[in-house]
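Undergrad: Below are the structure tokens for one structure; questions will follow.
In my numbering, the protein residues as written are 102 to 461.
Next up, the structure:
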């Protein structure tokens, strides 16, 4: 039962990964620290600020509750109805923990508002937040309780009204990224959140003193390398899911170019965030972006030689990052390292592609 509840929360974040990614792009890509601070002060000081905050949180809770109600009518979750055999306290407490899992985003934002209130001596205005938490958690618990008491053991399939009015693009690149977001959404969201977080922290530290490009080169490289999970999933997609693509009459240079374009698109969001903050120049950001693309391409192509579990690849990745750090500290130009990375990856792609022994 606990596994089914945990799976419910994980499925929600996995299926809504695209939505959360857009929200993160808006919150951290287009809004700066001053905007976040301004919104927090508005919620704390405006007479109707807490009502606006409650309205936003209620909409999110409604989305979570609707998801639970619909997910538990699927055959895979029919066993969840056996929770009616649990004692009331045990069942409600488990549902409450599940509700907290759904409400993680608003819990984290509440902590941020609490920190702002403590900083500006407005702690006397945060008490409604705790009441919101109790009522919103209770709402999710009540919906879960209602669903198990009103089971629907079959799913009425209706024609979807949200279908695209145009055919899907006939594009290898589009199919690969679409599969990554739809099937590996949680991995996509986690990698992007970590990468954006590292890059933002690097930019904040860069402002504390006078540094050259070497500091952001190290920080950005680490941030871009957090996308190796996405690169690994693309390798899995190519070699275990979309097997027939190798029989297509496509030249090796074109395959290499398509792989590079896919990774370039995946690294674009955190690069746009760096450009948005305008802390380092456009030319420097482009150098760091090309360096990150070269690094992630080297990792992806290394998988053709040493296909293994992702955790088994951490040692060569960390060793390579240490070597890269020394190269940057010894003032080797960033563009030179990036160019060398592309040349090496292009050579190794021809050498290793199609010669690996895939083991998943």
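Ideal Cβ placement from N, Cα and C applies to all residues, glycine included. This one's a predicted model, so the numbers in the text were calculated from it and none came from an experiment.
Under 7 Å between the Cβ atoms of residue 169 and residue 244?
TA: Sequence index remark: in the chain shown, residue 169 carries index 68 (1-based). Sequence index remark: in the chain shown, residue 244 carries index 143 (1-based). Cβ atoms of residue 169 and residue 244: closer than 7 Å.
Undergrad: Does the distance from the CB of residue 325 to the CB of residue 316 come in under 7 Å?
TA: Locating residue 325 in the chain shown gives position 224, counting from the first residue. Locating residue 316 in the chain shown gives position 215, counting from the first residue. No, Cβ-Cβ distance for residue 325 and residue 316 is not below 7 Å.
Undergrad: Using 7 Å as the threshold, is the C-beta distance between residue 462 and residue 337 below it?
TA: Since the first residue shown for the chain is 102 and the last is 461, residue 462 is missing from the structure and cannot be characterised.
Undergrad: Which full runs of the alpha helix (DSSP H) of 4+ residues lie inside the region 363 to 435, going along the chain?
TA: Those alpha helix (DSSP H) runs which fall completely within the region 363 to 435 and span 4+ residues are 369 to 378, 383 to 406, 415 to 430.
Undergrad: Since residue 166 is in the alpha helix (DSSP H), which residue starts that stretch and which ends it?
TA: Your numbering for residue 166 matches position 65 in the chain shown. It spans 150 to 172 - the alpha helix (DSSP H) in which residue 166 sits, taken as one unbroken run.
Undergrad: Span of the alpha helix (DSSP H) holding residue 212?
TA: For the purposes of this step, residue 212 is taken as residue 111 along the chain shown, with counting starting at 1. Start and end: 205 to 220.
Undergrad: Suppose the cutoff is 8 Å on Cβ atoms and the five residues either side in sequence are ignored; what does the same chain contact list for residue 432 look like?
TA: Along the chain shown, one-based indexing puts residue 432 at 331. Taking residue 432 as the centre and dropping the five residues before and after it, the same chain places the C-beta of 315 closer than 8 Å to its C-beta, in chain order.
Undergrad: Report the rounded CA-to-CA distance for residue 144 versus residue 397, giving the unit in angstroms.
TA: Position 43 of the chain shown, counting from 1, holds the residue named residue 144. Position 296 of the chain shown, counting from 1, holds the residue named residue 397. Just so you know, the alpha carbons of residue 144 and residue 397 end up roughly 41 Å apart.
Undergrad: Residue 293 by DSSP, collapsed to three states: which one?
TA: For the purposes of this step, residue 293 is taken as residue 192 along the chain shown, with counting starting at 1. If DSSP states are grouped into helix, strand and coil, residue 293 belongs with the helices.
Undergrad: Is residue 375 closer than 7 Å to residue 394 when the C-beta atoms are compared?
TA: The residue labelled residue 394 in the question sits at position 293 within the chain shown. The residue labelled residue 375 in the question sits at position 274 within the chain shown. Cβ distance not < 7 Å, so residue 394 and residue 375 don't count as in contact.
Undergrad: Distance, Cα to Cα, residue 179 vs residue 194?
TA: Counting from 1 along the chain shown, the entry for residue 179 is found at position 78. Counting from 1 along the chain shown, the entry for residue 194 is found at position 93. Going from the Cα of residue 179 to the Cα of residue 194 covers about 20 Å.
Undergrad: Where does residue 347 land, buried or exposed, given buried means 16+ other C-beta within 10 angstroms?
TA: What you label residue 347 is simply residue 246 of the chain shown in a count that begins at 1. It is exposed - the Cβ of residue 347 has fewer than 16 other Cβ atoms within 10 Å.
Undergrad: Are the beta-carbon atoms of residue 174 and residue 253 separated by less than 7 Å?
TA: As a first step, residue 174 must be located in the chain shown, where it is residue number 73. As a first step, residue 253 must be located in the chain shown, where it is residue number 152. Going by C-beta atoms, residue 174 is nearer than 7 Å to residue 253.
Undergrad: Going by Cα to Cα distance, which pick from 250, 355, 294, 312 is closest to residue 331?
TA: Within the chain shown, the letter at position 230 stands for residue 331. Nearest option by C-alpha distance: 294.
Undergrad: Going straight from the alpha carbon of residue 310 to that of residue 279, what length do you get?
TA: Counting from 1 along the chain shown, the entry for residue 310 is found at position 209. Counting from 1 along the chain shown, the entry for residue 279 is found at position 178. Rounded to the nearest angstrom, the two C-alpha atoms are 41 Å apart.
Undergrad: Please state whether the Cβ-Cβ distance between residue 287 and residue 163 is less than 7 Å.
TA: Locating residue 287 in the chain shown gives position 186, counting from the first residue. Locating residue 163 in the chain shown gives position 62, counting from the first residue. No; because the gap between Cβ atoms is not below 7 Å, this pair is not in contact.
Undergrad: Nearest-angstrom Cα distance between residue 384 and residue 233?
TA: Here residue 384 refers to the residue found at position 283 when the chain shown is read from its first residue. Here residue 233 refers to the residue found at position 132 when the chain shown is read from its first residue. Going from the Cα of residue 384 to the Cα of residue 233 covers about 46 Å.
Undergrad: Would you be able to state if there are at least three C-beta pairs under 8 Å between the region 218 to 226 and the region 136 to 150?
TA: yes
Undergrad: Hey, how far is the Cα of residue 208 from the Cα of residue 238?
TA: Looking up residue 208 in the chain shown gives position 107. Looking up residue 238 in the chain shown gives position 137. Between residue 208 and residue 238, the C-alpha separation is close to 11 Å.
Undergrad: If you draw a straight line from the alpha carbon of residue 200 to that of residue 230, how long is it in whole angstroms?
TA: For the purposes of this step, residue 200 is taken as residue 99 along the chain shown, with counting starting at 1. For the purposes of this step, residue 230 is taken as residue 129 along the chain shown, with counting starting at 1. Going by the C-alpha atoms only, they are around 16 Å apart.
Undergrad: By how many angstroms is the C-alpha of residue 351 removed from the C-alpha of residue 259?
TA: Taking the first residue of the chain shown as 1, we reach residue 259 at position 158. Taking the first residue of the chain shown as 1, we reach residue 351 at position 250. Note that residue 259 scores 49 on pLDDT, short of 50, meaning its location in the model is unreliable and no value can be drawn from it.
Undergrad: Work out the CA separation of residue 241 and residue 189 for me, nearest whole Å.
TA: Sequence index remark: in the chain shown, residue 189 carries index 88 (1-based). Sequence index remark: in the chain shown, residue 241 carries index 140 (1-based). Roughly 16 Å between the two C-alpha positions.
Undergrad: Roughly how many angstroms lie between the CA atoms of residue 261 and residue 273, to the nearest whole one?
TA: Position 160 of the chain shown holds residue 261. Position 172 of the chain shown holds residue 273. With a pLDDT of only 45 at residue 261, under the threshold of 50, the placement of this residue in the model should not be trusted; the figure read from the coordinates follows. Taking the straight line from one Cα to the other gives about 25 Å.
Undergrad: Can you list, in chain order, the residues of its chain with a C-beta nearer than 7 Å to that of residue 318? Leave out the 5 residues immediately preceding and following it.
TA: The count along the chain shown starts at 1 and reaches residue 318 at position 217. Correct list, in chain order: 389, 392, 429, 435.
Undergrad: Rounded to the nearest angstrom, what separates residue 377 and residue 248 at their Cα positions?
TA: Numbered from 1 along the chain shown, position 276 holds the residue referred to as residue 377. Numbered from 1 along the chain shown, position 147 holds the residue referred to as residue 248. Cα-Cα distance, rounded: 45 Å.
Undergrad: Measure how close the beta-carbons of residue 299 and residue 327 come, nearest whole angstrom, since I'm counting them as under 8 Å.
TA: Along the chain shown, one-based indexing puts residue 299 at 198. Along the chain shown, one-based indexing puts residue 327 at 226. Correct: roughly 6 Å between the Cβ atoms.
Undergrad: Check residue 188 in the structure and name its three-state DSSP category.
TA: Reading the chain shown from its first residue, position 87 is the one you call residue 188. Residue 188 sits in coil when the DSSP states are folded into three classes, being neither helix nor strand.
Undergrad: Is residue 285 near residue 339, with beta carbons less than 7 Å apart?
TA: The count along the chain shown starts at 1 and reaches residue 285 at position 184. The count along the chain shown starts at 1 and reaches residue 339 at position 238. Their beta carbons are not under 7 Å apart, which means residue 285 does not touch residue 339 by this criterion.
Undergrad: Excluding five sequence neighbours on each side, which residues of the same chain lie with their C-beta closer than 8 Å to the C-beta of residue 445?
TA: Sequence index remark: in the chain shown, residue 445 carries index 344 (1-based). Contacts found: 399.
Undergrad: Three-state secondary structure (DSSP) at residue 285?
TA: Taking the chain shown and counting its residues from 1, the one referred to as residue 285 is at position 184. In the structure shown, residue 285 sits in coil (DSSP, three-state: anything other than H, G, I, E or B).
Undergrad: Report the residue from 109, 118, 210, 134 whose alpha carbon sits nearest the alpha carbon of residue 154.
TA: Reading the chain shown from its first residue, position 53 is the one you call residue 154. Taking the Cα of residue 154 as reference, the smallest distance to any Cα among 109, 118, 210, 134 is reached at 210.
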